[in-house]
Every structure is written in C-alpha cells, then in structure tokens.
Amino acid sequence: MVTVQGLQLHFGDRALFDDVSFFIGSDDRIGLVGRNGAGKSTLLKILSGQLRPDAGSMGMPKELTMGYLPQQMEHDLQATPWQVAETAFAEARDLQERIASVERELETASEVDQQMELATMLAHAHERLNMLGAADHDPMIERTLKGLGFVGEDMHRPMAELSGGWRMRTELARLLLQRPDLLLLDEPTNHLDLPAIQWLEDLLKDYPAALVLISHDKAFLDRLTQRTIEVSNGRLIDRKVPWSQYVELRQQERAQQAQSAKEQQRYIEHTQELINKFRAKKNKAAFAQSLITKLDKLDRIEVDDVDLRKMLVRFPPAPHAGRVIVEVRDVSKSYGPMRIFSHAELTIAKGEHLALVGANGTGKSTLMRMLVNEEPHQGEIRLGHGVQLGYYAQDMPERMDPKRTVLETAEDAASDENRPRVRAMLGAFLFSGEDVDKKVKVLSGGERARLALCCMLLKPLNFLLLDEPTHHLDIQSKDVLKEALKNYDGTFLLVSHDRDFLHGLTGRLLELEDGRIRDQHMDILELIEKRKALQAADMGASSAREAVPRSTDKPRSDYHERKEVEKERRRVQGRVQRLEKQLSALEQEERTLQGEVMKSGIAPEKVEQGYARLGELAQRIAEVMEEWESASLRLEEMDEPTRS
0 MVTVQGLQLH
10 FGDRALFDDV
20 SFFIGSDDRI
30 GLVGRNGAGK
40 STLLKILSGQ
50 LRPDAGSMGM
60 PKELTMGYLP
70 QQMEHDLQAT
80 PWQVAETAFA
90 EARDLQERIA
100 SVERELETAS
110 EVDQQMELAT
120 MLAHAHERLN
130 MLGAADHDPM
140 IERTLKGLGF
150 VGEDMHRPMA
160 ELSGGWRMRT
170 ELARLLLQRP
180 DLLLLDEPTN
190 HLDLPAIQWL
200 EDLLKDYPAA
210 LVLISHDKAF
220 LDRLTQRTIE
230 VSNGRLIDRK
240 VPWSQYVELR
250 QQERAQQAQS
260 AKEQQRYIEH
270 TQELINKFRA
280 KKNKAAFAQS
290 LITKLDKLDR
300 IEVDDVDLRK
310 MLVRFPPAPH
320 AGRVIVEVRD
330 VSKSYGPMRI
340 FSHAELTIAK
350 GEHLALVGAN
360 GTGKSTLMRM
370 LVNEEPHQGE
380 IRLGHGVQLG
390 YYAQDMPERM
400 DPKRTVLETA
410 EDAASDENRP
420 RVRAMLGAFL
430 FSGEDVDKKV
440 KVLSGGERAR
450 LALCCMLLKP
460 LNFLLLDEPT
470 HHLDIQSKDV
480 LKEALKNYDG
490 TFLLVSHDRD
500 FLHGLTGRLL
510 ELEDGRIRDQ
520 HMDILELIEK
530 RKALQAADMG
540 ASSAREAVPR
550 STDKPRSDYH
560 ERKEVEKERR
570 RVQGRVQRLE
580 KQLSALEQEE
590 RTLQGEVMKS
600 GIAPEKVEQG
610 YARLGELAQR
620 IAEVMEEWES
630 ASLRLEEMDE
640 PTRS
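At position 469 of the sequence shown the residue is numbered 468 (numbering that gives the first Met the number 0), and the sequence of numbers has no breaks.
Listed below in structure tokens is the structure:
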C-alpha cells in the first residue's frame, strides 16, 4: 500500500534517518516506538506529506486515503466538536455528487469499454460511500463523540472554550469518522481517560484500516498492533510482533549476535595466528595469502547498538512529617451550575501511595489544584505538620520559561543546599554536556517533561502531587519513574490514565464519581474488571427488561394499575431511604475511625486493626453506594411519567 525507499533526513550534523526502507500493507497494525527524540513523530510527518525528506521516495496508490493525528495541531476555535466531526463527511457528499454524475454519463454511454469503465468507477464510489456510512451520519457522530467522553451540550460548545485535550479528541473523532485507508496516530491516548482509552481500543481493534501508532502505553500497543518498528540511531528495526514480544525478541537477537560475534572473533584470531605462522615460509606463502584474502572478505558480525542511557531517578529521603499528611473535610466545589464535589471527605496518612482515577471532568486535576491552594473551594483542606509539598501539574512542561536554558531553569528551582548538585541531577535526567545550554523552547515534549521532573527533585519534599507525569515520556523513562515512586519513602498522590504505569504502583485508589471520593482498596486492573462486570450486569438487566413480553391478558382497570404502581414506588422509595441511612452511618463510622487511628500514642495493634476495619468499611460503602444508585435510578424511572 505504501512503499518507502532510501529515506534520508538530516538535522544539522545528525542523521535522523539514514537510507531506510519499509513497506506498509493494507492490513498492517504497526507500533512505532523509540526514545524521545529518535524521530517517530518526524516519520509520521513524512508519511502524511507534511515534511519532505532530504532523499528517498514514497509510493502509494492514487486513491489511498490517509488520516493523520499529530500531537499538536491548529483548530478552528469558532467551530463546535459536532461541526468539526461533520466535516468528516465532506468526502461522502463529494462521492454522492460523483455517483450522480457517473450515472448520468452511464445512461448516454454507447461504447462497451466506456460503459465498463464507468460501471467500475460507480462500484468503487458506492463501496467507499458504504464504508463511510454517510446515509445516517448523525448517530455516528453522536456515538463517536460520546465514546471519546463528550456529553450533552459539550458537543456544541465552541472549541475556544475547550482545553487542548478536548480539542485533540475532536480531531480524533473527525479522523475516525472519515474511515481512511491508513491511520497515522501520534500519541492518541494523551488526555484520554480510562473509559475513553478502552472505547478507542475496542474501536481500533476491528477498525477497517491500516494503522501506524505511536504510543508509550505498553498495554495499548500490545492490544492493537501485530508489528513493531523501532526508530534507533538513524535506522529502523522491523519485527512482526507486538511490543512486549518485540522486547523479548530483541534481547534474544542481541544475545545471539554477541555469541556469534564472539565465535567469529575466535576464528579471526586463530586464522591470524596461521597467517603469521606461514607467511614467512616460501612453500606456505600462497596459503597464507589465501587466508588473508578470506579475512578481508569476511563480513564482520556487529552487535546492535543499544541506547543504554536512561534516567537515574532516585527521590531523596523525605523530610520528617506528622502522621497525617492532609485532611479534606466537607469540601464542595462547583463551576456555575456544574457540581464537581459535594461534601467530600478524605484523609491521607504518612507514607501512603495513592492514585486518583475517574473519567475526565470528575475533578481529578481540580482536586490537585485545591490541595495546593490554586483553586477556591468550600470546606476545609488542612496539610499536616511538617508537610513539604511538590506539585507536578499537567501543563508543568509548558509553564517553564521558554527563553531560559535548561541549566537556568533547574538552578531557579533548586533549594540553596541542592544548587551545587544541579549539573549532576541534570545528567541523571539525560541532560549532559551542551544539552544544559539549550533553550527550553527547543526541547521536545519528552525532554521538557524530564526537566520538570528534575526540578521537583531539587527541593526537599515529603508529599508529591503528580498530575499525568508520564505524558510525553518514552517507555523506558516511564519504567524508571515507576520504580523510583515504588521506592519513595514519602507520600504521593498521582493522577494517571496509563494502566501499565498504575498497575502494581498503588493499592489504594481514590475514584471520583458523582461529586464523591470513593476509596477503592485494590489495584487498577481489579477496578477496571469490576467496572466492566458492573457495566455488563447493567446491560444484561436492561436487555432482560426489554425482552419481557407484554401480557396479552385483558388489562386491569386504571385504578388498580395505578394502585400497584404506587405500591411499588413506595417500596422502592423506602429502599432508597434505608440505603441512605445505612450509607450515612457507614461514612460516620469511617470518619470517626480515621480520626482515631491518626491519634498519637495509639498502640500499633490498634492502628493495624483500625486500618483493616477502614478497608472493610470502604468496600461496604462502595457496595451500598451501588445499591443506592440502582434503586435511585429505578425511582427516577417510575417518577418520569408523572413529571411528563
């Protein structure tokens, strides 16, 4: 489908691509991987036609359609997400006009060859139109926007009112609705929450197009790709396996190369000994010369270079703090009529490692800003004794002054006692030599993220707030950061939608939903499976209700029917009230117990028993909450006819 031959591209003295060739087939699902700055995004720009290489050629069918999602793009800020999505069907409108034109020509065509050519054109146009589904595109637009997280009026708000992440989702929706023959996606999961990532994953799994995907989400790559191309040192390493298998395969290949190179070296040394032994003897000179010729022609085995550079992240020991790190009491937050939190409660103890999870818009970043006093709110948020807080915001890489150098930025962030260590710390984050004199504005997204993380470590901290710290980091850097956080002796609260990053990192999740903070004492993969099971159960119950046959018996009188309905309504209402009382009692017990285990002087076994009971309470609260939601929904459904 797409053939690339002899591709070359240089940036100054550096060869980004040096005579590389590859082919993309119509059924290929390719994961494009490599370190930050290796050239992955640049390669997508070349494939999409946005960047011309220094040399090489690229061939593709004339009728090939291509969709490209870059990491950064310009938007029509006056248009709404719905209007942007509608532009995906411009091709469909052109096809409909073309079909009408060809049909008119076909009616008047007299020659057989002309008729055959027009009929073929007509068949191709109809096939493409059917793929686009243009006959009923409004439901497709709504389904796609909803899948990516848009709800209600958000679909019709001007892009100027939306954040960069939501604008990116809009562009992604347009591309998916276009149904191109080849999708080029550069970090499409950036700014997507877990439900949207799972929706996109399910959609792309059976998507009728070739795919070239850049992602640092290992789980996403493994589920969607069957071929991996690594960009490394100006060349491409191409293997027909997904990412995890690729890593193992490359380790095996390098081990085999090293063994073969070792054996070849032994052969070379032995041959050289024979040459030295026989070259001075007249009757053996010809033999020695043949050995020399053989060595000259020998293809030397080279072990593939591996970029072993990686961040050396080690959080310094956390300064002493009290037993309670932060307390959130009766906190509420709204933006106009939109409620984010309602009487939220939360206690974080010293040394806890937690993650905030939930769909976009539930208030994860808002809560982070509230904790650092960047966001006004109602209620009390109190930091504990001796807490020294560090905050990595989602836009932290963009907050840095683009005119300052890497070294100046780090020196500004360092405490007085850490200023002598700035160069060493920058080296640990892969900024060495002349790199420290680069301006921030010329750094890649991954380099800025590394610099922002480095700046955090140049201050003594015991409570880290990290809002999407893995955005733009390559896979190796994410693994290093994860290991450092595992070994951190302080407290952290983390926001991330990367399942692989969260897996095994935290055992306590704070799930934000419906203005509440729910404690979930489980791993992220357990929570995902739990949510899937609940969703499947809800869908099954809904299907069962729809499948119940209507009675063919003679209808009862309106009076008796209303009486039965009212009786059922009272029963459901009573259940809702009982569950609300039960929920209130459980939450009161939880608050009381949280205060008791935080008291100084309490025996260790009492603390252990208290935390065990808190875990039981959190689980029971979640169960009762689900029952209450189900009953409340049933009550709303019963009240709906009355309101209408």
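We put the beta carbon where it would ideally sit given N, CA and C, even for glycine.
If the criterion is Cβ atoms closer than 8 Å, does the pair residue i and residue j meet it?
| i | j | result |
| --- | --- | --- |
| residue 235 | residue 19 | yes |
| residue 445 | residue 473 | yes |
| residue 491 | residue 237 | no |
| residue 209 | residue 23 | yes |
| residue 464 | residue 370 | yes |
| residue 458 | residue 417 | yes |
| residue 379 | residue 328 | yes |
| residue 196 | residue 496 | yes |
| residue 68 | residue 207 | no |
| residue 5 | residue 54 | yes |
| residue 516 | residue 344 | yes |
| residue 90 | residue 177 | yes |
| residue 122 | residue 97 | no |
| residue 342 | residue 333 | no |
| residue 368 | residue 348 | no |
| residue 256 | residue 228 | no |
| residue 155 | residue 88 | no |
| residue 216 | residue 243 | no |
| residue 41 | residue 50 | yes |
| residue 312 | residue 480 | yes |
To which residues does DSSP link residue i through a beta bridge?
| i | result |
| --- | --- |
| residue 648 | What the structure shows of the chain is the stretch from 0 to 643, and residue 648 is not part of that stretch, so it cannot be assessed. |
| residue 29 | 211 and 226 |
| residue 390 | 464 |
| residue 491 | 352 and 463 |
| residue 66 | 182 |
| residue 702 | No statement about residue 702 is possible, as the shown extent of the chain runs from 0 to 643 and does not include it. |
| residue 422 | Paired residues: none, contrary to the question. |
| residue 519 | 508 |
| residue 323 | 348 |
| residue 382 | 325 |
| residue 144 | Beta-bridge pairing links residue 144 to no other residue. |
| residue 58 | 2 |
| residue 245 | Answer by DSSP bridge pairing: none, since residue 245 is not bridged. |
Got a sec? Which residues, its chain only, sit under 7 Å from residue i by beta carbon, not counting five neighbours each side?
| i | result |
| --- | --- |
| residue 551 | The predicted model places residue 551 with a pLDDT of 41, which falls under 50 and marks its position as unreliable; any figure quoted below should be read in that light. Cβ within range, chain order: n/a, list empty. |
| residue 645 | As shown, the chain starts at 0 and ends at 643. That puts residue 645 outside it, with no answer to give. |
| residue 291 | 274 |
| residue 94 | 124, 127 and 128 |
| residue 554 | Bear in mind that a pLDDT of 42 at residue 554, under 50, signals an unreliable position, so the model cannot answer this. |
| residue 17 | 7, 233 and 234 |
Once the 5 residues before and after residue i are set aside, which same chain residues still bring their CB inside 8 Å of it?
| i | result |
| --- | --- |
| residue 512 | 357, 358 and 361 |
| residue 676 | Summary: the structure shown does not reach residue 676, with the chain confined to residues 0 through 643, and so no result is reported for it. |
| residue 14 | 7, 8 and 233 |
| residue 612 | 592 |
| residue 108 | 114 and 117 |
| residue 526 | 356, 508, 510 and 519 |
| residue 545 | With a pLDDT of only 48 at residue 545, under 50, the local geometry of the prediction cannot be trusted, and the value read off the model is given with reservation. Closer than 8 Å at the Cβ level, and outside the excluded window around residue 545, lies no residue. |
| residue 431 | 425 |
| residue 531 | none |
Quick one: what's got a C-beta closer than 6 Å to residue i's C-beta in the same chain, skipping five residues either side?
| i | result |
| --- | --- |
| residue 381 | 326 |
| residue 631 | 575 |
| residue 230 | 33, 37, 38 and 39 |
| residue 395 | 451 |
| residue 549 | Residue placement at residue 549 is flagged as unreliable, the pLDDT there being 44, under the threshold of 50; the coordinate-derived value follows with that caveat. Hits under 6 Å: none found. |
Assuming residue i and residue j make a contact with CB atoms under 8 Å, what is their CB distance in whole Å?
| i | j | result |
| --- | --- | --- |
| residue 39 | residue 30 | Contact flag wrong, Cβ pair sits at about 10 Å. |
| residue 623 | residue 581 | 6 Å |
| residue 466 | residue 393 | 5 Å |
| residue 441 | residue 425 | 16 Å between Cβ atoms; not a contact. |
| residue 501 | residue 523 | 4 Å |
| residue 388 | residue 460 | 7 Å |
| residue 456 | residue 314 | 6 Å |
| residue 199 | residue 191 | 7 Å |
| residue 120 | residue 101 | 5 Å |
| residue 174 | residue 48 | Not a contact, Cβ separation roughly 15 Å. |
| residue 710 | residue 571 | The question about residue 710 has no answer, for the chain in this structure spans 0 to 643. |
Is there a Cβ from chain C that is less than 8 Å from the Cβ of residue i?
| i | result |
| --- | --- |
| residue 384 | The question asks about chain C, but that chain is absent: this structure has only one protein chain. |
Can you confirm whether the segment 70 to 85 touches the segment 150 to 169 when touching is taken to mean that 3 or more C-beta pairs between the two stretches lie within less than 8 Å? yes
Take every Cβ of the segment 172 to 191, pair it with every Cβ of the segment 56 to 66, and state whether three or more of those distances are shorter than 8 Å. yes
Stretch-stretch touch, CB-based, cutoff 8 Å, three pairs: the segment 79 to 90 with the segment 134 to 143: yes
Quick check: the segment 425 to 434 against the segment 477 to 489, are there 3 or more CB pairs under 8 Å? no
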